[in-house]
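Engineer: Residue numbers (my numbering), protein chains in the order written: chain F, 4 to 394; chain G, 571 to 783; chain Y, 12 to 188; chain A, 71 to 670.
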Amino acid sequence: MAYQPDRSQYPQKKADGTLDIDLASGKYLKLWQGPQHPGITGNMAIELTVCGDEVVEGKTHVGYLHRGFEKLMERRTFMQCFPIVCRICVPEPDFNEYCYAAAVEELAGLEVPELAHWIRTLILEMGRINSYLMYLGGQAGAFGQGVIGQWTTYVRDLMLDRFEELTGARIYHMFIIPGGVRDNLPEGFAARMETTLQEIESTLGDVERVMFHNAVFKKRAVGVGIIAPELLDSYGITGPNARAAGVAKDVRKDQPYLVYPELDFEAVTGKDSDIYTRADVRRRDLLLSIDLIRQILVKMPKSGAVMTKLPNVLHWKIPRGETYIRGECSRGEYGYYLVTDGSGYPRRVNVRGPSYTHSIALFERLVVNANISDVAALLVSLHTYPPEIER
Amino acid sequence: MKEELLKRMVKGPDGVEFEVEPLRDYYCEAGPTVQTPAYTAIIEKLFNWARSESIWILGFGTGCGAIEMRPLMTPRFDAYRYGIQWRPTPRQANLFVISGYLSTKTLKRVIRSYEQMQSPKYVVGLGSCTINGGMYWDSYNTIKRLDDYLPVDLYIAGCMPRPEALLAGFEDLKKLIRAGKAEGANQYAENFEWYKANQKSVIHDWDMPDYNW
Amino acid sequence: MVMQALYDTLKPRFLLGEFTKQRDDLAFITVEAVRLHALLRHLRDQEGFTHLVLLTAVDWLEDGQFQLTYLLNNRAKRQDVGLRVLIARDNATMESIHDLWAAAATYQRELREMFGIDFPDSPRLHEDFILEGWQDIPPYRRDFDTLKYAQENYRDRPGRETRDPAQHMKQQLYGED
Amino acid sequence: MSIRDVLSPFTAWKNLFRDPVTIADPLNERPGAARYRGFHKNDMDKCIGCGTCETICQNGAIDMLPVSGVPAKLGDSGLRPRIDYGRCCWCALCVDVCMTGSLTMSNEYKWVESNPDLFRFTPGVDKKHWDNAELGYQRHAEKHLTPGERVEMPELEPAARIGSFTEIVDGYSIEQAKLEADRCVSCGLCIATCPAHMAIPDYIKAVRDGDYERGVQLLYETNPFSQVCGRVCTHRCEDSCAARHEGDPIAIRWLKRHIIDQVPQEKVLELIGKPAAPTGKKVAIIGAGPAGLTAAFDLARKGHAVTVFEAQAAAGGMTRYGIPEYRLPYDALDKDIAVITAMGVDIQYNQRVGTDIAMQQLQSDYDAVMLAIGLHQGRSTRIPGSDHPQVRKAVDLLRQITTGEKIEAPKSMVVIGGGNVAMDIARSMARLQLQQHGEIRVTLTALEDKAHFLADPVEIKESLEEQINILDSRGPQACVIDDSGKLLGLKTWKVLSIFDAERRFAPQYDESDEQIHEGEMVVEAIGQMADVSLLGNELTEKLEWNRGRIQIDSNGRTSENWLWSAGDCVKGPDVINAVADGHRVAISIDSVFTQQEAKS
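Okay, here's the thing in structure tokens:
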């Protein structure tokens, strides 16, 4: 076949609709990215079939980080599950803690003190900032801009210091416990947080100038990896990926939880739905989180109970029931489906991570006809955390 | 065995057909060998010093703990000043940091990567999971003891260990190397059969050569 | 209330089973397997439940049944509905819904691998998904014992032993009795 | 895209002029935060080895192991947690759940080893450089994971109860009992303290599960006196309860009573089952108190023919004739005894051994004899005037009340003694006073100060509620009698100390602080002794004695191989001890029978 500039004709399809890819023909090449470090946080492999420098088929391979959480939780008591859930998502573990705790509280009929709701919201927004900072570094890195990652990792570490003084740990905070949170804010926390927020804002200014107002970045990211709005429902797309397509899908607004009804904000949206827009939506969402944290620290009650009295957790039984708790994490809708059967152990826990749909079905669709050099950037732009896919 | 690893006929771009047998064609058949000190003590000492001051870590974060390596690569902790840096390929790396739990699926890739590293090479186990299974002690999909499958020079406690603890670990590793006690690669060569048997007992679909050099 | 109204309208048409209100914005409805596809299509196209939140299974080993849960979200009305479908555990098979939501194919792949539920015609259903070279029964089934599997396949580090406080005290303080 | 997009990235160069953010010495400059969950510490003195940390650890990281220098003792298993840092995830649930607050965390986080086995360590025993770290994770001031407060027992108000002998304590409802049982952490520290070593955590679990039939079975495995012990047990188990350290101990006694309250008598009999086939062996037991009847119950279930000789008209011993009805109603006691007689135990009432039937007779008619005669003789203070007829012994008065004899309550009275019997007689007499005279005037004088009272604190609290005038640290000196021979009251001196340096009883008084307590009657409640006259001279001389009590071996056997003894008469007053003793003797007698069978 003569050279065809219109690559979208490749690969051709067989009569039964499957792709006509004959590796022995010499036209196609199998290329693996990953599992180590395909440009995202966590291990995942992409099996690409390329024709020239263009991808004709991509398959996502997951399971490198599978530990079987949903199984392990079935043999742990409700309190014993609390320390392990955060491990499902390393860069933003707190949503696991919140969703799990809220699901348990709902089925057990527990009321959580007001102050705990505020602290939970605070922690979730802090986690969101961390997650976005990590993302920005990764997104820039995928286009060869290493310096952004150097900056954002530094300010993320400042936020980790705040996490450490508040929760007692840097990464796995294990702070949002069924029944409330483990403690109140330490003395002088708000002031130190403000300093950290200012540092992050200042870095974000740099990021905007160096990354977003950057000819190279725009050349690579604008118009690439467009998610058509009509795909949103079919592919279960949520979060910034959906908001960048102009749909203000944000659980914090749509089905508000915790203290979001008392905070003043609008969902951040974009309209072009390409890599650039998604990055920009996340940058602006990060600024929104900074604003939310400031609002929280002003509006929250300064003292009070942080945790409700639990029954003896060693033999805590929860009546039969099922529920679903969702929250808006930095990647989209994070949710826990919890089924109880009246025993002291969960009957079933299912964790819905947004990457589950974004990085498999959606990515496999978007990657077709992409340039090899854009694959990593595309995957990063969907904001993928593999452990939440395979758990 | 994966299709692409089977012996088959392939037609080249020039139309000529030829036989490919990937396991024989692409891999070395010889096993690992024990490297004995080749020079006088003083020169070996110098070598060990040089080795200890150029720790090149393979950029393969196998589990959660990898997230605490990122701060080390950035200005705040700046591990580069300690002679530590991260490399994208096993061929350029001499330290494999197993950053936490290993699912059997990852273990397979880890073994391949480890065997592709050049001697002398070191392994550091990071956190509870590498020592005795950690919080995944009852999981069907993660190994419990890293030293059953790879020779481990050093363990760092934590879940996960902080960047500062990692640095402390690397500093300890340097001492081991300088003392000539970081002999993991030789241990692996000496007990190759034992390691292989352990590896194969948990990797049920072994579809690669025994030694991936 | 709104959910109840929806249930009442749909009940005769789709012969719906039990209705469980969990919250004002979340209810679960039991559906027969054969009516699920039509009901999903109706909910998606007519009722605004356009977002498939998740699809997963619960193993009711004692009853010999799998419960499939299809959770749908109506963003405009801020409502969620979970459809429960009970299918026989032996040779579990369920109609695929990848034609309604493309993302469903991934869920079905996972359910095939982790529970052993078949979804005929679902794309790439039989490719390895999370596990690799798995030889035992699907691990999310209740009759799969993960601790036993771990002990049989992996070795713990030796040197662990423990005593029961009551037994130890008996031995130390009044053992002869 | 514009020229701005080309130039803007160059603003990054401003960082050339910025101070570096690098931490100069990350290995030493970065201590963990004040709340940091670092490596564990354990306060050896506070730790009681209850193993709750091991129970909650979802990683199976904690082992409970003996530690040299920490022996097992009541309330402390002597085990200490060893943590495997090959498992730990530093979630601090062990710290949160720790029953004593001994387990804490430091803010230290650096630990590197070549040998992975070294990561198993016992905090507090294996010395670590972070043992004295001041910072580190602390449990929130309020304890959240196990409830600390006891479910209050509903009981009659003082005004409602003082007029009669109606039982004061109502017993838990099912909901209350479940809540109380829920607090138990099932550590089992209590088992060793209970003389009968009852399966306490298991029967508390039965309450949690609502499985009362299982509960009854567990109770009867170790104790046929559940109605009695569920009400009046000295519950020393509760002193060993792990929950005691940071809250109230579990109400073990009330939960026992709750179980037995929930199961109808017929069901109890059904659960216990029928006794074994007759063995042809005959056992005589002297005294139908808890010790005797426990042994009788055990032996009867094994198929031996048991006859119990009781001097009184009803069974129960001190539990009937010593404990007032408002603490232990007779019908509750009767239920326990009915179960025992249902096993085929024959109780011969009004048969006083030594008077109605001779000891030698028993020896010759039975294969084994057990002496469980209790302590029914009150001790006297032997102070001047204590031989006055209005100076009475508490045990005698209590026995009279039980048998229904008419007692003329004095308008005012003084009780000597600070133990439970003193409280019992004071409160019983107060009720009679109220019934007969319409007002209460009872003074109770004890040698001990308030902090060291021998009586149960609840008894003291309730006595005070019932208007008993309790005076502590008063030593009785004389009963004051006027010239007409009428008893006026009791003279006491203030007690300075009770024991001398060698812990021998040698009270010291402040003679200047003398008081006279008005009373038409003085009741001595300072202890009881056994009436061993039934043994007869010959046997008394043959037997070995120990400080006025019959010498027994650890199985309850006396120096005469056909005679066993148990209960208060050899061990001092305590129901649960008597029950434990009864079991011991039953096992001993049964094993002797088995050996005899084997020989023949």
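Even glycine gets a Cβ: it sits at the ideal position worked out from N, Cα and C.
In the DSSP assignment, the alpha helix (DSSP H) including Y/Asp56 goes from what residue to what residue?
Structural biologist: Taken as a continuous stretch (DSSP letters only), the alpha helix (DSSP H) holding Y/Asp56 covers 44 to 56.
Engineer: According to the Cβ coordinates, are F/Leu365 and F/Tyr238 closer than 8 Å?
Structural biologist: Cβ distance < 8 Å, so F/Leu365 and F/Tyr238 count as in contact.
Engineer: List, in order along the chain, the chain A residues whose C-beta lies closer than 7 Å to that of G/Asp742?
Structural biologist: Within chain A, the residues near G/Asp742 are Val182.
Engineer: Alpha carbon to alpha carbon, how far is A/Ile393 from A/Val465? Give it in angstroms, no decimals.
Structural biologist: Taking the straight line joining both Cα atoms gives about 9 Å.
Engineer: What are the boundary residues of the beta strand (DSSP E) that A/Phe569 is part of?
Structural biologist: That run of the beta strand (DSSP E) goes 557 to 569.
Engineer: Quick check on Y/Ala161 - is its C-beta less than 8 Å from some C-beta in chain A?
Structural biologist: Judged by the 8 Å Cβ criterion, Y/Ala161 is not in contact with chain A.
Engineer: With a cut-off of 8 Å, do at least 3 Cβ pairs link the region 95 to 112 of chain Y to the region 120 to 132 of chain Y?
Structural biologist: Contact between the region 95 to 112 of chain Y and the region 120 to 132 of chain Y is present, because at least three Cβ pairs lie under 8 Å.
Engineer: Buried or exposed for G/Thr659, please, with buried defined as at least 16 other CB atoms from any protein chain shown within 10 angstroms of its CB.
Structural biologist: By the neighbour-count rule (16 or more Cβ atoms within 10 Å), G/Thr659 is not buried but exposed.
Engineer: From A/Arg371 to A/Ile443, what distance separates their C-alpha atoms?
Structural biologist: When rounded, the distance between both Cα atoms is 22 Å.
Engineer: Does the Cβ of F/Cys84 have 16 or more other Cβ atoms within 10 Å, making it buried, or fewer, making it exposed?
Structural biologist: Label assigned to F/Cys84: buried.
Engineer: Hey, Y/Leu97 and Y/Glu58: beta-carbon distance below 8 Å or not?
Structural biologist: Result no, Cβ atoms of Y/Leu97 and Y/Glu58 do not sit closer than 8 Å.
Engineer: Within the same chain, show all residues whose beta-carbon is closer than 7 Å to that of A/Val165, passing over the 5 residues directly before and after it, in chain order.
Structural biologist: Hits under 7 Å: Leu173, Thr174, Met175, Tyr207, Arg209.
Engineer: Taking C-alpha atoms, which residue in A/Gly139, A/Ala650, A/Ile540, A/Asp437 lies nearest to A/Thr349?
Structural biologist: Here the closest residue by C-alpha is A/Asp437.
Engineer: Taking 7 Å as the cut-off, is the C-beta of F/Pro181 nearer than that to any heavy atom in the ligand GTP?
Structural biologist: Although the ligand GTP was asked about, the structure shown includes no ligands whatsoever.
Engineer: Check F/Thr311 in the structure and name its three-state DSSP category.
Structural biologist: Coil.
Engineer: Just by C-beta distance, which residues in the region 115 to 148 of chain A are closer than 9 Å to chain F?
Structural biologist: Taking 9 Å as the Cβ-Cβ cut-off against chain F, the residues of the region 115 to 148 of chain A that qualify are Thr122, Thr125, Ile126, Cys127, Gln128, Asn129.
Engineer: Under the DSSP definition of a beta bridge, which residues are partnered with G/Glu680?
Structural biologist: The question names Glu, but residue 680 of chain G in the sequence shown is Val. DSSP lists no partner for G/Val680.
Engineer: My output table needs one value for Y/Thr31: the three-state DSSP class, helix, strand or coil.
Structural biologist: Looking at Y/Thr31 - three-state DSSP - the assignment turns out to be strand.
Engineer: I need the DSSP call for F/Asp257, collapsed to helix, strand or coil.
Structural biologist: Three-state DSSP puts F/Asp257 in a helix.
Engineer: For F/Cys332, write down the residues that DSSP places opposite it in a beta bridge.
Structural biologist: F/Cys332 pairs with F/Gly335.
Engineer: Whose Cβ in chain Y lies nearer than 8 Å to the Cβ of A/Ile540?
Structural biologist: Ordered by position in chain Y, no residue passes the 8 Å Cβ test against A/Ile540, which lies about 35 Å from the chain.
Engineer: For the candidate residues G/Lys714, G/Leu720, G/Leu737, whose alpha-carbon lies nearest to that of G/Glu763?
Structural biologist: G/Glu763 has its Cα closest to that of G/Leu720, out of G/Lys714, G/Leu720, G/Leu737.
Engineer: Tell me, please, whether the CB atom of F/Leu188 is closer than 8 Å to any CB atom in chain A?
Structural biologist: With 8 Å as the cut-off, F/Leu188 does not count as an interface residue toward chain A.
Engineer: Just curious, the beta strand (DSSP E) that A/Asn112 is in, first and last residue?
Structural biologist: Here the beta strand (DSSP E) through A/Asn112 covers 110 to 112.
Engineer: Using a C-beta cutoff of 8 Å, does G/Pro645 count as contacting chain F?
Structural biologist: Cβ-Cβ to chain F under 8 Å: yes for G/Pro645.
Engineer: Could you check whether G/Thr712 and G/Tyr706 sit closer than 8 Å to each other, using their CB atoms as the reference points?
Structural biologist: Going by C-beta atoms, G/Tyr706 is nearer than 8 Å to G/Thr712.
Engineer: I need the straight-line Cα distance from Y/Leu72 to A/Lys326, nearest angstrom please.
Structural biologist: Roughly 36 Å between the two C-alpha positions.
Engineer: Strictly under 8 Å for the Cβ-Cβ distance: is A/Pro186 near chain Y by that measure?
Structural biologist: True, the Cβ-Cβ gap to chain Y drops below 8 Å.
Engineer: Flag Y/Leu72 as yes if its beta-carbon sits less than 8 Å from any beta-carbon of chain G, otherwise no.
Structural biologist: By this cut-off, Y/Leu72 is not an interface position.
Engineer: Tell me the residue span of the alpha helix (DSSP H) that contains A/Gly606.
Structural biologist: Looking at the DSSP string, the run of the alpha helix (DSSP H) that includes A/Gly606 is 606 to 612.
Engineer: Hey, does F/Asn133 have any beta-carbon neighbour from chain A nearer than 8 Å?
Structural biologist: No - not a single Cβ of chain A is within 8 Å of the one on F/Asn133.
Engineer: A/Leu215 CB to nearest chain F CB: under 8 Å?
Structural biologist: Taking Cβ atoms only, chain F reaches closer than 8 Å to A/Leu215, which makes this a yes.
Engineer: For A/Asn185, count neighbouring Cβ atoms within 10 angstroms of its own Cβ and tell me buried if that reaches 16, exposed if not.
Structural biologist: The residue in question, A/Asn185, is exposed, as its Cβ has fewer than 16 Cβ neighbours within 10 Å.
Engineer: Pop quiz: F/Asn133 and F/Met162 are said to be a contact at Cβ under 8 Å. What is the actual Cβ separation, rounded to whole angstroms?
Structural biologist: The Cβ separation is near 5 Å, so the contact holds.
Engineer: Any contact of the region 476 to 483 of chain A with the region 569 to 586 of chain A, i.e. 3+ C-beta pairs under 8 Å?
Structural biologist: Cβ pair count under 8 Å is below three, so no.
Engineer: Let's see if you can read the secondary structure: which residues bound the beta strand (DSSP E) around G/Glu589?
Structural biologist: G/Glu589 -> beta strand (DSSP E) spans 587 to 590.
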